[in-house]
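This report refers to the structure that appears directly beneath it.
2 protein chains.
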Amino acid sequence: MQKKKISITVIRRLPKYYRKLEDLERIKISRVSSQELSDLTGFTASQIRQDLNNFGGFGLQGYGYNVKELKSNLGEILGLNSVHNTCIVGAGNLGSAIANFKGFEDAGFKIVAILDSDKDIIGKKISGIKVESSDNMEKLIKDKDIEIAVLTVSKKNAQDVAEELEEAGIKSIWNLTTADLDVSENVIVEDVSLKDSLFTLSYFMREKHN
Amino acid sequence: MQKKKISITVIRRLPKYYRKLEDLERIKISRVSSQELSDLTGFTASQIRQDLNNFGGFGLQGYGYNVKELKSNLGEILGLNSVHNTCIVGAGNLGSAIANFKGFEDAGFKIVAILDSDKDIIGKKISGIKVESSDNMEKLIKDKDIEIAVLTVSKKNAQDVAEELEEAGIKSIWNLTTADLDVSENVIVEDVSLKDSLFTLSYFMREKHN
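Top to bottom, those sequences are chains G and Y.
If you read the first sequence in this note's numbering, its first letter stands for residue 22, the second for the next number, and so on.
If you read the second sequence in this note's numbering, its first letter stands for residue 22, the second for the next number, and so on.
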């Protein structure tokens with residue numbers, strides 16, 4: 022497989038291809054054309070061929086793509102065959118929702134710890150995992166070999182907690198707060214940006230109904 | 022203000038500008054250059070000028086942008102001055118997290134109802150709002166003039182519930198499930214795609230640490 026710099030917009034389309042291939046595999050479809058993938062994803066067929074070409078292309082003209090093979094290749098590109106130990110920081114409603122979120126395991130994220138600073142929550146169990154005190158963050162991250170933190174604390178605490186996580190040696194933060202985190206380049210931050218998504222919805226409503 | 026077709030990638034940058042302008046206004050900064058906006062947002066200064074030009078541009082060379090004015094203009098573009106009555110469908114952890122999510126009011130989304138089909142949850146209060154039975158969906162949407170549904174049901178129920186919502190006259194769905202919804206063009210769907218975001222994080226971890 023070639024290794025070259027791929028644009029972020031291409032990267033962000035890959036998960037959707039992967040999910041659609043999962044669906045196809047589930048219903049025992051073994052072969053798919055770029056046109057069929059287009060119908061499923063909403064991206065154009067030429068866009069899809071171009072995207073997949075970035076990774077050496079896996080299709081054959083007149084045949085299309087082998088579903089199982091393409092899914093396996095995309096899974097490898099997306100790093101889904103590795104397992105990453107993960108902690109959730111912030112055991113409120115959002116943290117609890119994430120702890121129960123089934124998509125985690127599929128993506129290779131294994132929740133091994135849940136942290137909170139609230140004494141009333143520490144010691145309770147969420148999705149079978151006991152909530153531990155944030156004071157033990159560094160020790161937990163080292164002992165349990167945790168690579169990823171899911172950040173679900175309040176906006177006002179987000180930056181401080183992100184810095185603590187970096188000091189504790191975390192490699193990646195999945196940021197579900199509305200704060201823009203300022204951490205060093207050593208830490209990968211993936212923002213979910215619920216608020217930006219809402220603002221975007223608001224834009225489209227105004228566009229459509231005005 | 023000009024009205025022309027703006028690309029979705031531009032639209033998706035607008036919320037970040039808006040949030041940064043909110044922050045600047047909060048600390049009483051009245052003027053900002055595209056270079057300063059670049060430092061705050063991570064987009065290039067020329068990108069920013071180009072983006073804002075799409076909307077008639079609001080900057081003056083050598084002066085930059087008036088924070089209050091630009092924020093107000095972007096807020097108008099994003100439709101943030103209108104209030105949309107909103108219901109949450111699915112009162113589990115994720116639905117509860119959303120009901121308590123502060124970003125909602127800022128974006129002009131007013132939660133006026135929470136629906137669930139589970140008898141054990143119906144009648145309970147979440148964030149001060151009583152959970153009602155999904156059986157009353159159509160009546161509630163009409164009586165309370167609800168435009169938007171936040172979908173937080175399970176993946177397997179998502180499509181059915183989306184169809185019910187469309188029949189009940191909903192205009193927009195903020196989709197927090199991992200299902201890709203198939204509804205008519207009359208309904209605006211904004212996907213949050215937690216799973217795609219996780220897959221993307223997985224990609225970057227593989228890229229960086231391999």
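Note that CB positions come from ideal geometry on N, CA and C, so glycine has one too.
The beta carbon of Y/L161 sits closer than 6 Å to the beta carbons of A134 from its chain, once the five residues preceding and following it are set aside; these are given in chain order. Residues of the segment 149-178 of chain G with a C-beta atom less than 9 Å from some C-beta of chain Y are E168, I169, T173, S175, K176, listed in chain order.
For G/A120, the closest C-alpha among the options G/E97, G/E90, G/K151 is that of G/K151. Beta-bridge pairing by DSSP links Y/E211 to Y/W195. Within its own chain, the residues whose Cβ lies closer than 8 Å to the Cβ of Y/E168, once the five positions on either side in sequence are excluded, are H105, N106, T107, I191, K192, S193, listed in chain order. Annotation: Y/E168 is outside any beta strand (DSSP E) and is labelled neither H nor E by DSSP. A Cβ-Cβ distance of about 11 Å is found for the pair G/L197 and G/V210, leaving them out of contact under the 8 Å criterion. Positions of the beta strand (DSSP E) runs, each at least 3 residues long and wholly inside the segment 134-158 of chain G, are given as 150-154 in order along the chain. Membership of Y/N178 in the alpha helix (DSSP H) is indicated by the continuous run 176-188. When the Cα atoms are used, G/D127 and G/L101 turn out to be separated by approximately 8 Å.
At least one C-beta of chain G is nearer than 8 Å to the C-beta of Y/T199. Contact between the segment 172-181 of chain Y and the segment 170-182 of chain G is absent: fewer than 3 CB-CB pairs across the two stretches fall below 8 Å. By the Cβ test, the segment 64-84 of chain G is not in contact with the segment 130-147 of chain G, since fewer than three Cβ pairs between them sit closer than 8 Å.
Annotation: the segment 65-121 of chain G contains the following complete segments of the beta strand (DSSP E) (minimum length 3 residues), in chain order: 85-87, 105-110.
Of all residues in the segment 111-133 of chain G, those with a C-beta nearer than 9 Å to a C-beta of chain Y are G113, N114, L115, G116, S117, A118, I119, A120, N121, F122, K123, G124, F125, D127, A128, G129, F130, reading in chain order.
For Y/F130, the pairing in a beta bridge is given by DSSP as Y/H105. Contact annotation: Y/L115 and G/W195 have beta-carbon atoms that are not nearer than 8 Å. For G/R52, the secondary structure class from DSSP, reduced to helix, strand or coil, is strand. Per DSSP, the continuous alpha helix (DSSP H) segment holding Y/D44 begins and ends at 35-47.
Annotation for G/I29: the continuous alpha helix (DSSP H) segment containing it runs 29-32. Among the residues of the segment 53-83 of chain G, none has a Cβ less than 7 Å away from any Cβ of chain Y. Cβ-Cβ separation between G/I69 and G/S59: approximately 6 Å, consistent with a contact (criterion under 8 Å). Sequence-distant Cβ neighbours of G/K37 in its own chain, meaning closer than 6 Å and more than five residues away, are T62.
For the 8 Å CB-CB criterion, Y/E185 and Y/V204 do not form a contact.
Against chain G, the beta carbon of Y/E43 has no neighbour under 8 Å; the closest one sits roughly 10 Å away. In the structure shown, Y/G63 adopts coil according to DSSP, grouped into three states. For the 8 Å CB-CB criterion, G/T221 and Y/I143 do not form a contact. G/K216 belongs to the set of residues whose beta carbon lies under 8 Å from a beta carbon in chain Y. In this structure, Y/D72 is the residue among Y/D156, Y/R40, Y/D72 with its C-alpha nearest to the C-alpha of Y/I27. Put simply, the CB of Y/S223 is near chain G, with a gap under 8 Å to one of its CB atoms. When rounded, the separation of the alpha-carbon atoms in Y/A189 and G/G113 is 32 Å. Taking 8 Å as the threshold, the shortest C-beta distance from G/R47 to chain Y does not fall below it. Across the structure, G/R227 and G/T30 are spaced so that their CA atoms are roughly 25 Å apart. In the three-state reduction of the DSSP assignment, G/L202 falls in the coil class.
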